[in-house]
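What follows is a short report on a single structure.
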Amino acid sequence: MSSLDMFLFSLSRTFCSPFAVYVQIQGCFICLTLALGWALASYVRNREIKQMKEAMQNGNSLSFLCHDINELEHFYQANLPRVTVVMPLKGFGEHNLHNWRSQITSLYGGPLEFLFVVESTEDPAYHAISRLISEFEDDVDVKVVVAGLSTTCSQKIHNQLVGVEKMHKDTKYVLFLDDDVRIHPGSIGALTREMEKNPEIFIQTGYPLDLPSGSLGSYCIYEYHMPCSMGFATGGRTFFLWGGCMMMHADDFRQDRYGVVSGLKDGGYSDDMTLAAIAGAHKRLITSPPVAVFPHPLATDLNFGRYWNYLRKQTFVLESYTTNINWVMNRALFGVHCYLSWGFVAPFFIATIHLAAAFRFYSNGYSLEETAYTSAGLSLVTFLAICTLVELLSMWNLTRIEVQLCNMLSPEAPQLSLATYNWCLVFIALLVDNFLYPLSAIKSHFSQSINWSGIRYYLKHGKIIKIERTERSKDMSPVFTDLGGKHLYGKKGMPARGSFLGSLSRSLAQWHQPKKFDN
53 MSSLDMFLFS LSRTFCSPFA VYVQIQGCFI CLTLALGWAL ASYVRNREIK
103 QMKEAMQNGN SLSFLCHDIN ELEHFYQANL PRVTVVMPLK GFGEHNLHNW
153 RSQITSLYGG PLEFLFVVES TEDPAYHAIS RLISEFEDDV DVKVVVAGLS
203 TTCSQKIHNQ LVGVEKMHKD TKYVLFLDDD VRIHPGSIGA LTREMEKNPE
253 IFIQTGYPLD LPSGSLGSYC IYEYHMPCSM GFATGGRTFF LWGGCMMMHA
303 DDFRQDRYGV VSGLKDGGYS DDMTLAAIAG AHKRLITSPP VAVFPHPLAT
353 DLNFGRYWNY LRKQTFVLES YTTNINWVMN RALFGVHCYL SWGFVAPFFI
403 ATIHLAAAFR FYSNGYSLEE TAYTSAGLSL VTFLAICTLV ELLSMWNLTR
453 IEVQLCNMLS PEAPQLSLAT YNWCLVFIAL LVDNFLYPLS AIKSHFSQSI
503 NWSGIRYYLK HGKIIKIERT ERSKDMSPVF TDLGGKHLYG KKGMPARGSF
553 LGSLSRSLAQ WHQPKKFDN
């Protein structure tokens, strides 16, 4: 044997040791566990699709709004509670206009106001949303609010709290939405309906369906979100919370119940992690209805560097906490996630060694006796390949069902297609994202600071203690946001003039809300 053959033979034999076999079987178990979780999520989403189809067969052509067509009667719609939608904005990108139109053209039948909150008039979002508002000013109650600079919490949280301060005095529910997500015509009605049915609900939430743009970075983000999606596809109670969609009782903010306002304002970095911790501490209910899945288009130029910045922000939230119990839970999540991530990647590294050894040995004509360990390793590789295939099929099936559900919930929108997904890149993203997650988490733990859209936050004891705003001219200041590729500086991307989509959006707005509600 050559020195290379001896080296591969030694590695292959080492990777057949009891510990190495345990690592490989553990990787297979992780794959099958994910597949089972996605299968259960698929069942919940698919059940909603079947209910919508049954309603349509029974004559309800508006089942994408509600299953019971009687709820669309005037007497029911006239008694719907007032809802205020608060959207903190930062920058302007290629998908924002479509997303904003989907939000302000909601077919919610009750009093509804939209508050777009920006940091300053210099934000590109300010000029873009102002132009959009001018198109709908006679049809929808929508305003732009300038919040100013945050000093004690993240800029997003500051914008949200200023929006709450400006909401209508009769508002019963406040809905926080990210500006990079598309909602369906009936989304606000569906969330409100669940809040009315069960007043014990503290927060209603949902989750995005990422639409990769084709780059590896966009697929890594899609893969990062997919394991979490099973926690939101429960059809009811959940312990997870996504800051991109949160409906809450307005009085919880007016009266600072459970310390929601003070908890966010006093050093809050992550809105969803802070509110989830408050919900856990006070045993409050978080739910996620099965229709709360929203298309989330990713920027076409989303490169790997922007993916890494996003991953850093996601792992950094584990460094923020409100109580000692919250700190313990974050540390546990930190350890478990890191262990499972590398526990998922390690078997594929071992499998690569087994395959390389087998190819080398068989190509050189070695006997079966000389390659016994390699043959045993190939058996483990085969088992891993089967488990990986099952995992990818389960992920594909959930994505297929969520694409179908989104298309049914937004029949007037351009239809989504599963054909745009590259499943070879999905597999590569599985390995890349799980390999990088522990590295990002460790870096976040030791740095205790993060640059978020040109603003650097420093944490101490889980809370923001210092905020630095980098000037545009400095190299460390990013020009684009991570996912949406939004311009952070300058007056970029003005809304397009008249189009078919704009005409359709105005028609939908006039249908559900022929006049503005007076404050």
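Quick note: the sequence shown uses our numbering, first residue 53, plus one each step.
We put the beta carbon where it would ideally sit given N, CA and C, even for glycine.
_Nonlocal neighbours in the same chain, by C-beta distance under 6 angstroms from residue 352, ignoring five residues either side_ = If we look at residue 352 and ignore the five residues flanking it on each side, its Cβ neighbours are 265.
_Beta-bridge partners of residue 504, as assigned by DSSP_ = Partner residues in the beta bridge of residue 504, as assigned by DSSP, are 507.
*Taking the Cβ atom as the reference point for each residue, do residue 300 and residue 226 lie within a distance shorter than 8 angstroms?*
In this structure, residue 300 places its C-beta atom within 8 angstroms of the C-beta atom of residue 226.
*If you check the beta carbons only, do residue 370 and residue 242 fall under 8 angstroms apart?*
With respect to residue 242, residue 370 sits apart: the two C-beta atoms are not nearer than 8 angstroms.
*For the segment 189-196 against the segment 275-284, are there 3 or more C-beta pairs whose distance is under 8 angstroms?*
Taking a contact to require three or more Cβ pairs closer than 8 angstroms, the segment 189-196 and the segment 275-284 do not qualify as touching.
*Where residue 174 falls: helix, strand or coil (DSSP)*: Residue 174: coil per DSSP, three-state reduction.
*Sorted by chain position, which residues of the same chain lie with C-beta nearer than 7 angstroms to residue 290's C-beta, five sequence neighbours on each side aside?*
The answer, listed in chain order, is 283, 284, 338, 339 and 340.
*So is residue 173 buried or exposed if we call it buried at 16+ other beta carbons inside 10 Å?*
The residue in question, residue 173, is exposed, as its Cβ has fewer than 16 Cβ neighbours within 10 Å.
*For residue 125, count neighbouring C-beta atoms within 10 Å of its own C-beta (all shown protein chains included) and say buried if the count is 16 or more, exposed if not.*
Classification for residue 125: exposed.
_Helix, strand or coil at residue 271 according to DSSP, with G and I counted as helix_ = DSSP, reduced to helix, strand and coil, places residue 271 within a helical segment of the structure shown.
*Whole-angstrom C-beta distance between residue 236 and residue 477, which should lie under 8 angstroms*: Not confirmed; about 28 angstroms, so no contact.
*Drop a sphere of 10 angstroms on the beta-carbon of residue 260, count the other beta-carbons inside from all chains shown, and report buried for 16 or more, exposed for fewer.*
Buried, by the Cβ-count rule.
*If you count every other CB in all the chains shown that lies within 10 Å of the CB of residue 151, and 16 or more means buried, which is it?*
Classification of residue 151: buried, given that the 10 Å Cβ count is 16 or more.
*Chain-order list of residues whose beta-carbon lies under 6 angstroms from that of residue 562 (same chain, five-residue window excluded)*: The predicted model places residue 562 with a pLDDT of 40, which falls under 50 and marks its position as unreliable, so this point remains unresolved.
*Can the beta-carbon of residue 501 be found less than 8 angstroms from the beta-carbon of residue 510?*
Taking 8 angstroms as the Cβ cut-off, residue 501 and residue 510 qualify as a contacting pair.
*For residue 144, which option in 184, 128 and 382 has the closest C-alpha, if you only look at C-alpha atoms?*
Per the Cα distances, 184.
*Based on the DSSP output, what are the partners of residue 229 in its beta bridges?*
297, per the DSSP bridge assignment.
*Between the Cα of residue 201 and the Cα atoms of 167, 466, 130 and 141, which residue gives the shortest distance?*
For residue 201, the nearest C-alpha among the options comes from 141.
*Alpha carbon to alpha carbon, how far is residue 79 from residue 88?*
Near 14 angstroms, if we compare the C-alpha coordinates of residue 88 and residue 79.
*Is it the case that the Cβ atoms of residue 280 and residue 229 are separated by a distance below 8 angstroms?*
Contact flag unset, no.
*Using the Cα positions of residue 479 and residue 444, report the straight-line distance between them to the nearest angstrom.*
Going from the Cα of residue 479 to the Cα of residue 444 covers about 8 angstroms.
*Using three-state DSSP, classify residue 244 as helix, strand or coil.*
If DSSP states are grouped into helix, strand and coil, residue 244 belongs with the helices.
*Three-state class that DSSP yields for residue 212 in the structure shown*: In the structure shown, the three-state DSSP call for residue 212 is helix.
*Span of the beta strand (DSSP E), counted from its first residue to its last, around residue 263*: Following the DSSP letters along the chain, one finds residue 263 inside the beta strand (DSSP E) bounded by residues 259-263.
*Below 8 angstroms, can you find three or more Cβ-Cβ pairs linking the segment 386-401 to the segment 480-492?*
The count of Cβ pairs closer than 8 angstroms, one atom from the segment 386-401 and one from the segment 480-492, reaches three, so the stretches are in contact.
_My assumption, with CB atoms under 8 angstroms, is that residue 344 sits in contact with residue 257. Please give the rounded CB distance._
That belief holds up - the Cβ atoms of residue 344 and residue 257 are roughly 7 angstroms apart, short of 8 angstroms.
*Cβ neighbour criterion (16 or more within 10 Å) applied to residue 380*: Classification for residue 380: exposed.
_Please tell me whether residue 154 and residue 234 are closer than 8 angstroms, where the distance is taken between their beta carbons._
Going by C-beta atoms, residue 154 is nearer than 8 angstroms to residue 234.
*State buried or exposed for residue 323, treating a residue as buried only when at least 16 other CB atoms are found within 10 Å of its CB.*
Of the other Cβ atoms in all chains shown, 16 or more fall within 10 Å of the Cβ of residue 323; this residue is therefore buried.
*On a CA-only basis, which of 109, 516, 321 and 475 is nearest residue 268? Give me that one, please.*
Nearest of 109, 516, 321 and 475 to residue 268, Cα basis: 475.
*DSSP beta-bridge partners of residue 515*: According to DSSP, residue 515 bridges with 512.
*Which full runs of the alpha helix (DSSP H) of 4+ residues lie inside the segment 339-394, going along the chain?*
Correct list: 356-368.
*Do you know offhand how far residue 111's Cα is from residue 437's?*
About 47 angstroms.
*Does the segment 348-365 touch the segment 446-456, meaning 3 or more C-beta pairs lie closer than 8 angstroms?*
At 8 angstroms Cβ cutoff, the stretches do not touch.
*asked:* By the DSSP assignment, the alpha helix (DSSP H) with residue 41 in it spans what residues?
replied: Since the first and last residues shown for the chain are 53 and 571, residue 41 lies out of range.
*Please go through the same chain and pick out, in chain order, the residues whose beta-carbon is closer than 6 angstroms to the beta-carbon of residue 98, but skip the five residues on each side of it.*
If you ignore the 5 residues before and after residue 98, its C-beta comes within less than 6 angstroms of the C-beta of 453, all in its own chain and listed in chain order.
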